[in-house]
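Basically the working numbering = 1-based index in the sequence shown + 166.
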Amino acid sequence: MYVCLCNGVSDKKIRQVVRQFQPQSFQQLRKFVPVGNQCGKCVRAAREVMEDELTTMRNSKKSPEVHASLLTSL
């Protein structure tokens, strides 16, 4: 889905950039993707997509530890 209509930026593009560059703020994201620099209506949605992808990445890194702790407790 398009997050920024002014610049034609999709949620897929934002997720790709987050996985590749791991921006820790919206300002860092904007260095890689042109969002929020025209009308500004996309700022909230773009930030939510970025935070969602960062959370997904953090959780996927934690998963092996959780599985390992379950195996050792058996």
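All residues carry an ideal CB built from backbone N, CA and C; glycine is no exception.
Rounded to the nearest angstrom, what separates Phe198 and Val183 at their Cα positions? Looking up residue 198 in the sequence shown gives position 32. Looking up residue 183 in the sequence shown gives position 17. So the alpha carbons of these two residues sit roughly 7 Å apart.
Would you tell me roughly how many angstroms separate the C-alpha atoms of Leu171 and Asp218, rounded to the nearest one? Along the sequence shown, read from residue 1 onward, the residue named residue 171 stands at position 5. Along the sequence shown, read from residue 1 onward, the residue named residue 218 stands at position 52. Each residue's alpha carbon lies about 20 Å from the other.
Would you check if there are 3 or more beta carbon pairs closer than 8 Å linking the stretch 218-227 to the stretch 191-206? no
Is any heavy atom of the ligand COA found at a distance shorter than 8 Å from the C-beta of Val209? In terms of ligand content, the structure shown is empty, and the ligand COA therefore cannot be addressed.
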